[in-house]
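Report on the structure given below.
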Amino acid sequence: MPAMPFLKTTLFSTANKQMLLLLQSHPQQKKSSNQIKTTEHNNKTPIPFPFPFLHFYFNFLSPMPVFRRFLWLFLVFFIPFLQCFSISHQQQLPVLSSVERDSVFAVLAAVNSAVPWRRFFPDDLCSAAPHGVVCDYFYEFSNSTEPDAVHITELSFGFISDYSANPPCSSNSTIDPVLFSSFRYLRKLVFYKCFTSDVAVYLSGGNSPAFAASLEELVLVDNPSLVVSLESLFGNFTNIRRAIITGNGVYGGIPERISDSGELEEITLSRNRLTGQIPASLSKLKKLKILDLSRNFLDAYAPESIGNLSELLKLDLSSNRISGRVPESYRNLQKLEFLDLSFNRFGNFGIPKFLSEIPRLKEVHLSGNLLGGEIPEKWEKLERLSTVGFSSMGLTGKIPPSMAVHLRSLSYLGLDGNNLVGTLPPEFEFLKTLNGLNVENNNLSGRVPFSANFCAKLEGKLRLRGNPDLCVDEELKNVKNGSVLGKMKLCQQSVITQQLFLSGCSSFMLGSVKLQSTLLMAVFWIFLLKFLGVLGG
Numbered sequence: 006m007p008a009m010p011f012l013k014t015t016l017f018s019t020a021n022k023q024m025l026l027l028l029q030s031h032p033q034q035k036k037s038s039n040q041i042k043t044t045e046h047n048n049k050t051p052i053p054f055p056f057p058f059l060h061f062y063f064n065f066l067s068p069m070p071v072f073r074r075f076l077w078l079f080l081v082f083f084i085p086f087l088q089c090f091s092i093s094h095q096q097q098l099p100v101l102s103s104v105e106r107d108s109v110f111a112v113l114a115a116v117n118s119a120v121p122w123r124r125f126f127p128d129d130l131c132s133a134a135p136h137g138v139v140c141d142y143f144y145e146f147s148n149s150t151e152p153d154a155v156h157i158t159e160l161s162f163g164f165i166s167d168y169s170a171n172p173p174c175s176s177n178s179t180i181d182p183v184l185f186s187s188f189r190y191l192r193k194l195v196f197y198k199c200f201t202s203d204v205a206v207y208l209s210g211g212n213s214p215a216f217a218a219s220l221e222e223l224v225l226v227d228n229p230s231l232v233v234s235l236e237s238l239f240g241n242f243t244n245i246r247r248a249i250i251t252g253n254g255v256y257g258g259i260p261e262r263i264s265d266s267g268e269l270e271e272i273t274l275s276r277n278r279l280t281g282q283i284p285a286s287l288s289k290l291k292k293l294k295i296l297d298l299s300r301n302f303l304d305a306y307a308p309e310s311i312g313n314l315s316e317l318l319k320l321d322l323s324s325n326r327i328s329g330r331v332p333e334s335y336r337n338l339q340k341l342e343f344l345d346l347s348f349n350r351f352g353n354f355g356i357p358k359f360l361s362e363i364p365r366l367k368e369v370h371l372s373g374n375l376l377g378g379e380i381p382e383k384w385e386k387l388e389r390l391s392t393v394g395f396s397s398m399g400l401t402g403k404i405p406p407s408m409a410v411h412l413r414s415l416s417y418l419g420l421d422g423n424n425l426v427g428t429l430p431p432e433f434e435f436l437k438t439l440n441g442l443n444v445e446n447n448n449l450s451g452r453v454p455f456s457a458n459f460c461a462k463l464e465g466k467l468r469l470r471g472n473p474d475l476c477v478d479e480e481l482k483n484v485k486n487g488s489v490l491g492k493m494k495l496c497q498q499s500v501i502t503q504q505l506f507l508s509g510c511s512s513f514m515l516g517s518v519k520l521q522s523t524l525l526m527a528v529f530w531i532f533l534l535k536f537l538g539v540l541g542g
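Numbering (the numbering used here), first residue to last: 6 to 542.
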């Protein structure tokens with residue numbers, strides 16, 4: 006049934022006070038002696054009892070100006086009528102049932118028994134509930150014009166901030182089983198840092214909770230003592246939209262039935278103890294925007310079917326034991342903005358070429374997978390890409406200048422721990438958004454081609470150590486930015502001359518070739534003219 010927003014009706018005592026002040030501030034008119042006598046005479050004249058209003062009007066209101074007379078009538082008769090109507094309307098709103106109310110207090114006592122919840126909050130709990138306990142009014146009968154029921158729809162526990170001061174959890178928080186049997190209309194359930202002691206909290210009753218058909222958001226964050234299998238925790242939820250279960254003692258495999266809820270938009274199951282493989286049935290979740298399974302113990306291959314999740318914005322499978330090849334079907338994730346496959350066991354198949362075909366990509370992390378191969382040259386379509394994590398991947402070859410040319414939004418590039426050779430592309434200095442460049446522990450060589458201003462801007466985020474053949478000019482030696490520039494070796498004059506020669510040699514040789522061609526053409530025309538002249542003679 007649809008829920009009606011909670012509307013607070015206000016009594017009119019404040020309006021009464023403002024009206025009295027308004028009347029008192031209205032300028033008084035002076036009365037003549039005749040008017041005073043008339044008033045005194047009228048006070049002595051009895052008015053029949055059946056007409057008290059006329060008695061009030063002629064003896065009290067008639068001497069007043071019309072404006073004040075109207076205000077007094079409004080104050081004395083109309084406002085009390087509205088008050089009575091407001092009170093009667095409030096009295097018609099339903100109250101929370103005693104069973105549901107007692108269940109709320111039981112759950113609150115289990116979360117924090119040190120707080121006298123019943124003393125602080127009234128029996129009519131929905132009229133003044135603690136933050137994190139939300140009620141909604143319902144029309145349970147089709148012909149109802151007024152709400153005829155009220156139920157608990159949100160329960161959030163655990164202090165987050167001053168702006169979300171949910172009921173605080175204690176060091177010995179537990180879960181009362183009535184949580185799973187008493188709240189048929191519950192839409193949102195949150196436990197934030199509630200179960201953190203060394204004593205395990207075992208969750209029971211979650212297989213078929215009363216709120217299985219109504220729950221839309223399940224949020225369990227940083228509850229390491231909460232021990233439950235994902236299979237039993239997830240229940241038979243049919244309308245759930247967000248499942249954020251991170252940093253808990255949740256174990257077991259990802260159940261196939263997780264894909265039975267076609268409304269799911271977010272699945273975050275990070276930092277748990279999940280095992281097994283990622284079910285291919287996840288491809289049924291056509292509305293899914295966030296899939297985060299990071300920091301678990303998942304293995305086997307990454308399913309190709311994930312490439313069918315056309316609405317996906319974030320895919321994070323990092324820090325698992327996934328092997329094989331990065332599926333080519335992921336090129337179909339055209340709305341993807343965040344991709345993290347780092348620290349898995351993907352094989353030596355190189356950096357996926359399809360990355361350049363995902364135009365909305367903002368972050369890509371592949372570090373910790375020995376993919377091998379060279380860094381691709383194509384980056385033209387990735388103008389939004391801001392973060393690239395390619396550390397410890399067994400990469401070879403040179404750093405392509407095209408990365409600096411086309412990645413105009415790049416803020417961080419991590420290429421450390423590889424086998425890259427050659428020089429640093431000077432084009433990186435022209436990236437205005439770049440604030441971190443890590444090329445440590447490679448085989449780069451030659452002169453660091455950046456200016457002192459650029460190195461000072463990056464401060465300690467320009468990481469170059471572990472490249473013994475890199476050198477710096479005297480100017481960079483004096484840059485005090487917390488980096489290792491001061492500890493790097495100075496470039497010898499021969500190195501600088503060699504780089505200048507190499508950079509200018511090609512243009513010199515090209516100029517020589519052009520000069521030789523010009524001279525040959527001139528000699529050819531001279532001989533041709535002489536020959537024609539001879540023939541003419």
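Even for Gly, the Cβ is constructed at its ideal location relative to N, Cα and C.
Bear in mind the structure is a predicted one, so any value in this text is a computation, not a measurement.
Can you pull the DSSP bridge partners for residue i?
| i | result |
| --- | --- |
| R278 | Y256 |
| R452 | C476 |
| I404 | In the DSSP output, where bridge partners are listed per residue, I404 has none listed. |
| V120 | None, per the DSSP bridge assignment. |
| C174 | In DSSP, C174 forms no bridge with anything. |
Since residue i and residue j are thought to touch, with beta carbons under 8 Å apart, how far apart are those beta carbons, to the nearest angstrom?
| i | j | result |
| --- | --- | --- |
| S275 | S299 | 4 Å |
| L449 | L429 | 6 Å |
| A133 | F143 | In fact, because the Cβ distance is near 20 Å, the residues do not count as touching under 8 Å. |
| S456 | G422 | Not confirmed; about 27 Å, so no contact. |
| V489 | N472 | In fact, because the Cβ distance is near 10 Å, the residues do not count as touching under 8 Å. |
| K367 | E342 | 5 Å |
| L269 | L290 | 5 Å |
| S347 | G373 | 5 Å |
| G355 | S334 | Not really, about 17 Å apart at Cβ, beyond 8 Å. |
| D304 | R336 | The Cβ separation is near 24 Å, so there is no contact. |
| G402 | E379 | 4 Å |
| I404 | G427 | 7 Å |
| F146 | R189 | The pair is not a contact, with the Cβ atoms about 16 Å apart (cut-off 8 Å). |
Use the C-beta contact count for residue i: other C-beta atoms within 10 angstroms, 16 or more gives buried, fewer gives exposed.
| i | result |
| --- | --- |
| A409 | buried |
| F506 | Bear in mind that the predicted position of F506 carries a pLDDT of just 40, short of 50, making it unreliable; the figure below should be weighed with that in mind. F506 should be labelled exposed. |
| R350 | exposed |
| T150 | exposed |
| S103 | exposed |
| V255 | buried |
| V155 | buried |
| D345 | buried |
| N277 | buried |
| K193 | buried |
| S266 | buried |
Considering only the alpha carbon of each residue, which of the options lies closest to residue i?
| i | options | result |
| --- | --- | --- |
| F170 | L160, S178, T179 and S176 | One detail in the question is off: residue 170 reads as Ala in this sequence, not Phe. It is L160. |
| P99 | A217, I157, A307 and I165 | I157 |
| S264 | T243, I250, T251 and G258 | T243 |
| D181 | N117, L223 and N313 | N117 |
| F185 | S234, F302 and E105 | E105 |
| F162 | V369, L223 and F216 | L223 |
| L425 | P381, L387, F459 and L415 | P381 |
| N446 | R470, P405 and P431 | R470 |
| L412 | F459, P364, Q339 and G378 | P364 |
| V308 | P357, D321, N277 and L287 | First, the residue type needs correcting, since residue 308 is Pro and not Val in the sequence shown. Out of P357, D321, N277 and L287, L287 has the C-alpha closest to the C-alpha of P308. |
| S219 | I245, S202 and S213 | I245 |
| E271 | I249, P284, G258 and G257 | I249 |
| D474 | A461, L191, V484 and R452 | R452 |
| L208 | L191, Y306 and V183 | V183 |
| T5 | C174, E221 and P357 | Not covered by the structure: residue 5. The range shown for the chain is 6 to 542. |
| L191 | N177, N458 and E221 | E221 |
In its own chain, which residues sit with a C-beta less than 7 Å from the C-beta of residue i, not counting the 5 before and 5 after it?
| i | result |
| --- | --- |
| P135 | F126 and P172 |
| V109 | L130, V138 and I157 |
| L544 | The displayed coordinates of the chain run from 6 to 542. Any statement about residue 544 would go beyond what the structure contains. |
| L317 | L293, K294, L296, L338, K340 and L341 |
| P260 | L235, E236 and F239 |
| Q503 | Per-residue confidence for Q503 stands at a pLDDT of 46, beneath the threshold of 50, marking its modelled position as unreliable; no derived number is given. |
| P214 | F185 and G240 |
Beta-carbon within less than 6 Å of residue i's beta-carbon, same chain only, minus the 5 sequence neighbours each way: which residues are those?
| i | result |
| --- | --- |
| D227 | K198 and G252 |
| F302 | T280 |
| L442 | L418 and L467 |
| A205 | S230 and V232 |
| V195 | S161 and V224 |
Quick one: what's got a C-beta closer than 8 Å to residue i's C-beta in the same chain, skipping five residues either side?
| i | result |
| --- | --- |
| L495 | C476, V477, D478, E479 and K482 |
| S391 | K367, E368, S414, L415, S416, Y417 and T438 |
| S361 | P381, K383, W384, E385, K386 and L387 |
| I165 | N171 and Y197 |
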